[in-house]
Amino acid sequence: MGSIRHFFFPRNRRYSVLLFYGFLMGVVFIMLSSSVMHYTSTNTFCMSCHVHPHAEESWKLSTHYDNPSGIIVDCVECHLPPPGSITHFTAKAATGIRDVYGFLFKDPENIQWEAKRHITQAVKHTYESSCIDCHQNLFPLQLTEEGMHAHLYYENNREELNCLNCHLHVGHYSEHAQEILDFGFERIAGKPEIVFKEASLVDAFERFTETIPGTGVRFDMLPIPGGRFKIGSPEDEPGRHDDEGPRREVEVSSFFMSEIEVTWDMFMAFFRETVSEGRSMQGNLTYTDAAQNIVDAISGPTPPWGSPDQGWGWGKRPAITMTWHAANVFCEWLSLKTGKTYRLPTEAEWEYAARGGTESPYFFEGSPKKFTRQRWVNRIFGADTTNINRFVVYEGNSFFRTQEPDAVQPNSYGLKNMLGNVWEFCSDYYAEDAYASYPAQMVIKNPQGPLEGKERVIRGGSFKSDAFEVRSATRSHTRHDAWLLTDPQIPKSIWWYSDVFDVGFRVVMEWPIENEPNDGQ
Amino acid sequence: MASDRRQFIKGAATIAAAGALGAGALLKSCSRDRRKAVIPEFIDQAPEGKALKAGLIGCGDRGTGAAMNFLDAGNNLHITALGDVFRDKLESCRQQLKQHRNAEIPDEQCFVGFDAYQKVIESDVDVVLLVAPPFFRPSHFDAAVRARKHVFMEKPVAVDPVGARAIMASARMADAAGLKVVAGTQRRHQRDYLTTYAHIKSGIIGDIVGANCYWNQSRSWHVNRQAGWDDMTAMLRDWINWRWLAGDHIVEQHMHNIDVINWFSGKVPVRALGFGARHRRLTGDIYDFFSVDFVYDDNTHMHSMCRQIDGCANNVSEYIVGTKGASNCQNEIVNHRGETIWSYEYPRLEHGQPSQLAMKSPYEQEIIHLVEAIRSNKPLNEAETCAITTIVAIMGRISAYTGREVTYEEVMNSSLRLGPEKLAFGPVDMNLQVPVPGTAP
Chain V
1345 MGSIRHFFFP
1355 RNRRYSVLLF
1365 YGFLMGVVFI
1375 MLSSSVMHYT
1385 STNTFCMSCH
1395 VHPHAEESWK
1405 LSTHYDNPSG
1415 IIVDCVECHL
1425 PPPGSITHFT
1435 AKAATGIRDV
1445 YGFLFKDPEN
1455 IQWEAKRHIT
1465 QAVKHTYESS
1475 CIDCHQNLFP
1485 LQLTEEGMHA
1495 HLYYENNREE
1505 LNCLNCHLHV
1515 GHYSEHAQEI
1525 LDFGFERIAG
1535 KPEIVFKEAS
1545 LVDAFERFTE
1555 TIPGTGVRFD
1565 MLPIPGGRFK
1575 IGSPEDEPGR
1585 HDDEGPRREV
1595 EVSSFFMSEI
1605 EVTWDMFMAF
1615 FRETVSEGRS
1625 MQGNLTYTDA
1635 AQNIVDAISG
1645 PTPPWGSPDQ
1655 GWGWGKRPAI
1665 TMTWHAANVF
1675 CEWLSLKTGK
1685 TYRLPTEAEW
1695 EYAARGGTES
1705 PYFFEGSPKK
1715 FTRQRWVNRI
1725 FGADTTNINR
1735 FVVYEGNSFF
1745 RTQEPDAVQP
1755 NSYGLKNMLG
1765 NVWEFCSDYY
1775 AEDAYASYPA
1785 QMVIKNPQGP
1795 LEGKERVIRG
1805 GSFKSDAFEV
1815 RSATRSHTRH
1825 DAWLLTDPQI
1835 PKSIWWYSDV
1845 FDVGFRVVME
1855 WPIENEPNDG
1865 Q
Chain W
594 MASDRRQFIK
604 GAATIAAAGA
614 LGAGALLKSC
624 SRDRRKAVIP
634 EFIDQAPEGK
644 ALKAGLIGCG
654 DRGTGAAMNF
664 LDAGNNLHIT
674 ALGDVFRDKL
684 ESCRQQLKQH
694 RNAEIPDEQC
704 FVGFDAYQKV
714 IESDVDVVLL
724 VAPPFFRPSH
734 FDAAVRARKH
744 VFMEKPVAVD
754 PVGARAIMAS
764 ARMADAAGLK
774 VVAGTQRRHQ
784 RDYLTTYAHI
794 KSGIIGDIVG
804 ANCYWNQSRS
814 WHVNRQAGWD
824 DMTAMLRDWI
834 NWRWLAGDHI
844 VEQHMHNIDV
854 INWFSGKVPV
864 RALGFGARHR
874 RLTGDIYDFF
884 SVDFVYDDNT
894 HMHSMCRQID
904 GCANNVSEYI
914 VGTKGASNCQ
924 NEIVNHRGET
934 IWSYEYPRLE
944 HGQPSQLAMK
954 SPYEQEIIHL
964 VEAIRSNKPL
974 NEAETCAITT
984 IVAIMGRISA
994 YTGREVTYEE
1004 VMNSSLRLGP
1014 EKLAFGPVDM
1024 NLQVPVPGTA
1034 P
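Chains as they are written, first to last, in the numbering used here: chain V, 1345 to 1865; chain W, 594 to 1034.
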């Protein structure tokens, strides 16, 4: 007679029975794991250890929680790929591991939550496939005309665009988002208390305060005595890129440079005086080319789309998101207003001024290796960043936004924020081998960069940059197409970039002033 | 981005063709080898089904014709509302419908004015026929789709890039809402063209390496300004000669032939270089002729020419050349020795002569296809395909106007919008200078 063992494992049908148990275990496993999957995907579970109560609050204020149809969209419905897809499981596992690590080892106080809400970060923890999984019809009959054109543009440029480009705050409410939508750009900044009647007179090569006639705006200009220096960085400089060499001996003439990056106060004075009509009034664009504006009377920017200050505030913060073209028209306007010659610095002038006579990576003591967070040693054991914090607004201290000039100390010329805060436009076209094209055995006087090109040089790094990137020699360049990616207007703005927010500029003034009468020609 | 567009155009073309032919399989294979041609079946009448009420917007001659085509397409089809900017146009159409089709439209269903289209759309109709001048198409189409109406609309679907993009967006809205749309490129519904297309798709002329298309004809109609007419009245009554209303004749008329080449090649030109001028026209601000070299992404060319001048050689046709032969796209396929290797057999008249007259008119056929798609719920939406051809024709026009090479991408990204800011009778304040090539800044 059969024992218990034979009851469960009858000898004659061993394989089919094994199969049966295997199947049973499989079912139990799936049921268990499915309920684990389910449980770990609930909002309660997410919030049980997610250390950001504000995320829950803003979610409950958002249209994904509070809407007329009463549908609530759960955390995982946006923050994981759609269920059923393989990436759902892999992303869930990866997110889980990251969260556990963060929970155990990270101090929530030090996490830059606000930064994570910015589009560049937000796309990393939300999934477009999930947006589309619910929002399958991009052309409902109730869609506005603007929405129709925007969704057509999206569908025709799917690889470059993400739903979040336009719908950033739908999952977590932001007051700032409302502000951007209702923004009356021209209305900001009240009337200035003092209105300057005349520009400053400059008769000596020393610090002076420029006053813009007809506005209440003033700013300091510093004399940068001409001289020679080695442009570029030595090959052993930490964080160096190939485009920083070969080093060349360069001479620049004396000039004045603005103490700080052009502020919103300065740029808005320009905007208010020269603002041109909205583009609907531009008429027939096939036959006119706005980029060819020759200014006898200056035609300035169109109103921007959204809020170019990113909601960080105006005043003395550096003006950002204007195009290289707009920065140049600003200089033309400033020249016309003051009777001097203002312009963007050349790349050589910029680096000469930034170095202030130094040949080290920064104009202050310290090695990029010591300050960078890209080295795991620094991340784990911490690094002494006291010195860089005194002089530079960069990734390590910026809270992911621009800061006012007072936040830092100047270099030896008195210039502030040459390194960090915002990248600064130079007048040169960018070429990787720009220095190599200069003759090696000569001193090159006032180089202007390549004769032709598409993109322009930007220098100095920004609040988003790592310590490696805010060296005096670091070079980068504009990215015209990428920076206008989500501009919903057609043709795209020549005045405002839609997709870069850490580039600005500072002005230089030519010296000596040529005293030719300005007859407006 | 470009590849996305093509992908998408392919999709749109498939949907349109599948709807029109009921033979989606035709396009699915892309093997180079010769396959059996799948000849679509043609129906002479729309299938039976629920009664459909249609409203006509734009009561000119073509509008009146389209209304009659609708009434002829099958049983239980009615025209129940009319709309036009002009009372006399509307009354004339109304009278024709009564006289020739015994269709009476009551006073309260007749709407006159710039907002007549809205009233027609709101008048409890299932289908609208959009036959006003092309300038109005994007706004009329948008209103019709939002009100869930099936649409027949005449080509072209826009006069400028902004309008063409609006049509594309509305087309997707129509798809999402399950609406059926036929867009007036009637060669796509013409039996001889469709049959020739099936043979060419089967590989009989090999890969396509070049194409020509023509619409050279005598001068078109015009209406002289009469005493007492304001600017707007004079322009609307003479609409075909005004750029903002008709888009110039390369867009308004010749796009038919360009569309055939787009359709047969399955491609859309990526750039164009053309010229044209105005010498003989009596009214308006458009050109008399265009000659445009369109180039595809594989560097094959389509030469397009169109002219409206009396006393010159005329020709309205297409010609497509493949590696193994060539075709006029309509009824004949030849090899490279000029020998006919296939020709379309037209039905014969009573006395035995073959004749195109015995074939179902494509204007009727396109409406039959529309009603068939509505009643049997088959996919059919030609709006986007027609908008793409409209863009291509506009690309040729802009190139001729400016003398410059123009790309599809540029036109797709152009903010060019024609027409006055406000639509109202009275003076029209617009720049009406005829473009001179080479003078654009």
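Where is the CB? At the ideal position from N, CA and C, for every residue including glycine.
The model shown is predicted, which means the values in this text are computed figures rather than measured ones.
Compare the C-alpha of residue i against each of the options and name the closest.
| i | options | result |
| --- | --- | --- |
| Phe1725 of chain V | V:Thr1716, V:Ile1415, V:Asn1733 | V:Thr1716 |
| Glu1003 of chain W | W:Met988, W:Ala644, W:Tyr807, W:Trp832 | W:Met988 |
| Asp800 of chain W | W:His733, W:Gln688, W:Asp891, W:Gln779 | W:Asp891 |
| Asn817 of chain W | W:Trp808, W:Val752, W:Ile714, W:Met828 | W:Met828 |
| Thr1730 of chain V | V:Lys1660, V:His1511, V:Ala1811, V:Ser1816 | V:Ala1811 |
| Phe1708 of chain V | V:Ser1756, V:Trp1694, V:Arg1661, V:Trp1668 | V:Ser1756 |
| His1432 of chain V | V:Pro1452, V:His1408, V:Lys1460, V:Ser1385 | V:Ser1385 |
| Gly1758 of chain V | V:Asp1477, V:Gln1747, V:Ile1568, V:Glu1579 | V:Ile1568 |
| Leu973 of chain W | W:Ala767, W:Ser936, W:Arg864 | W:Ala767 |
| His1513 of chain V | V:Gly1440, V:Gln1465, V:Asp1451, V:Ser1742 | V:Gln1465 |
| Ala1826 of chain V | V:Ser1816, V:Gly1683, V:Ser1837, V:Asn1733 | V:Ser1837 |
| Lys1798 of chain V | V:Ser1809, V:Arg1592, V:Trp1668 | V:Trp1668 |
| Phe1845 of chain V | V:Gln1654, V:Gly1571, V:Met1853, V:Ala1784 | V:Gln1654 |
For residue i, go through chain V and note every residue whose CB falls closer than 8 Å to its CB, in chain order.
| i | result |
| --- | --- |
| Thr741 of chain W | According to the sequence as given, residue 741 of chain W is Arg; it is not Thr. The contacting residues are Leu1485. |
Kindly list, in the order they appear in chain W, the residues whose Cβ is closer than 9 Å to that of residue i.
| i | result |
| --- | --- |
| His1495 of chain V | Ala762, Arg765 |
Going along chain V in order, which residues have a C-beta closer than 7 Å to the C-beta of residue i?
| i | result |
| --- | --- |
| Ala769 of chain W | Asn1481, Phe1483, Pro1484 |
| Arg758 of chain W | His1493, Leu1496 |
Who are residue i's beta bridge partners in DSSP?
| i | result |
| --- | --- |
| Val724 of chain W | Its beta-bridge partners do not exist; DSSP assigns none. |
| Lys1789 of chain V | V:Glu1595 |
| Asp886 of chain W | W:Leu866, W:His896 |
| Asp677 of chain W | W:Val705 |
| His743 of chain W | W:Val720 |
| Ser920 of chain W | W:Ile913, W:Ile926 |
| Glu1617 of chain V | Answer is none; Glu1617 of chain V lacks a bridge partner. |
| Glu965 of chain W | Answer by DSSP bridge pairing: none, since Glu965 of chain W is not bridged. |
| Tyr807 of chain W | W:Met898, W:Ser910 |
| Arg1572 of chain V | V:Glu1595 |
| Val999 of chain W | W:Ala865 |
| His671 of chain W | W:Lys646 |
| Ile1052 of chain W | As shown, chain W starts at 594 and ends at 1034. That puts residue 1052 of chain W outside it, with no answer to give. |
| Met1601 of chain V | V:Leu1566, V:Val1852 |
Residue i and residue j look like a contact to me (Cβ under 8 Å); what is the Cβ gap, rounded to whole Å?
| i | j | result |
| --- | --- | --- |
| Pro1590 of chain V | Tyr1779 of chain V | 6 Å |
| Glu1813 of chain V | Glu1605 of chain V | That belief does not hold up - the Cβ atoms of Glu1813 of chain V and Glu1605 of chain V are roughly 17 Å apart, past 8 Å. |
| Phe728 of chain W | Trp814 of chain W | With a Cβ gap of about 18 Å, Phe728 of chain W and Trp814 of chain W do not count as contacting. |
| Asp681 of chain W | Gly651 of chain W | The pair is not a contact, with the Cβ atoms about 14 Å apart (cut-off 8 Å). |
| Leu1829 of chain V | Leu1496 of chain V | 16 Å between Cβ atoms; not a contact. |
| Trp1855 of chain V | Phe1674 of chain V | Between Phe1674 of chain V and Trp1855 of chain V the Cβ distance is about 20 Å, and since that is not below 8 Å, they are no contact. |
| Val721 of chain W | Val744 of chain W | 6 Å |
| Ile1603 of chain V | Leu1545 of chain V | One detail in the question is off: residue 1603 of chain V reads as Glu in this sequence, not Ile. Contact doesn't hold; Cβ gap of about 19 Å is too wide. |
| Thr982 of chain W | Thr778 of chain W | 7 Å |
| Leu649 of chain W | Val755 of chain W | About 26 Å; that fails the 8 Å criterion. |
*With contact counted as at least three CB pairs below 8 Å, one residue from each stretch, are the segment 1774-1792 of chain V and the segment 1706-1716 of chain V in contact?*
A contact between stretches requires three or more CB pairs, one per stretch, nearer than 8 Å, and the segment 1774-1792 of chain V fails this requirement with the segment 1706-1716 of chain V.
Does the structure place the segment 1734-1748 of chain V close enough to the segment 1823-1838 of chain V that three or more beta carbon pairs sit under 8 Å?
Contact between the segment 1823-1838 of chain V and the segment 1734-1748 of chain V is absent: fewer than three C-beta pairs spanning the two stretches fall below 8 Å.
Legend entry - contact_flag[the segment 999-1013 of chain W, the segment 871-878 of chain W] where n(CB pairs < 8 Å) is 3 or more: The segment 999-1013 of chain W is not in contact with the segment 871-878 of chain W.
**Asked** Are three or more beta carbon pairs between the segment 732-744 of chain W and the segment 763-774 of chain W nearer than 8 Å?
**Response** Judged by Cβ distances under 8 Å, the segment 732-744 of chain W makes contact with the segment 763-774 of chain W, as three or more pairs qualify.
Task: the segment 1548-1568 of chain V contacting the segment 1610-1618 of chain V, beta-carbon criterion three pairs below 8 Å - done: Contact holds: three or more Cβ-Cβ distances are below 8 Å.
Segment contact flag, the segment 744-753 of chain W with the segment 938-947 of chain W, C-beta cutoff 8 Å, min 3 pairs: Too few Cβ pairs lie closer than 8 Å, so no.
Touch check for the segment 639-649 of chain W and the segment 665-676 of chain W: three-plus C-beta pairs under 8 Å? Touching, yes.
- Message: Contact between the segment 847-861 of chain W and the segment 802-810 of chain W is defined here as three or more beta-carbon pairs at a separation below 8 Å; is this criterion met?
- Response: Three or more beta-carbon pairs separated by less than 8 Å link the segment 847-861 of chain W to the segment 802-810 of chain W, which places the two stretches in contact.
Does the count of Cβ pairs from the segment 770-778 of chain W and the segment 1500-1517 of chain V closer than 8 Å reach three?
The segment 1500-1517 of chain V and the segment 770-778 of chain W do not touch, with fewer than three beta-carbon pairs separated by less than 8 Å.
Using 8 Å as the cut-off, can you tell me whether the segment 991-1001 of chain W makes contact with the segment 949-964 of chain W, which would need three or more C-beta pairs spanning the two stretches below that distance?
Inter-segment contact for the segment 991-1001 of chain W and the segment 949-964 of chain W is absent: fewer than three beta-carbon pairs are separated by less than 8 Å.
If we count Cβ pairs, one from each stretch, closer than 8 Å, do we get three or more for the segment 859-876 of chain W versus the segment 781-791 of chain W? In this structure the segment 859-876 of chain W does not lie against the segment 781-791 of chain W, because fewer than three pairs of beta carbons, one per stretch, are closer than 8 Å.
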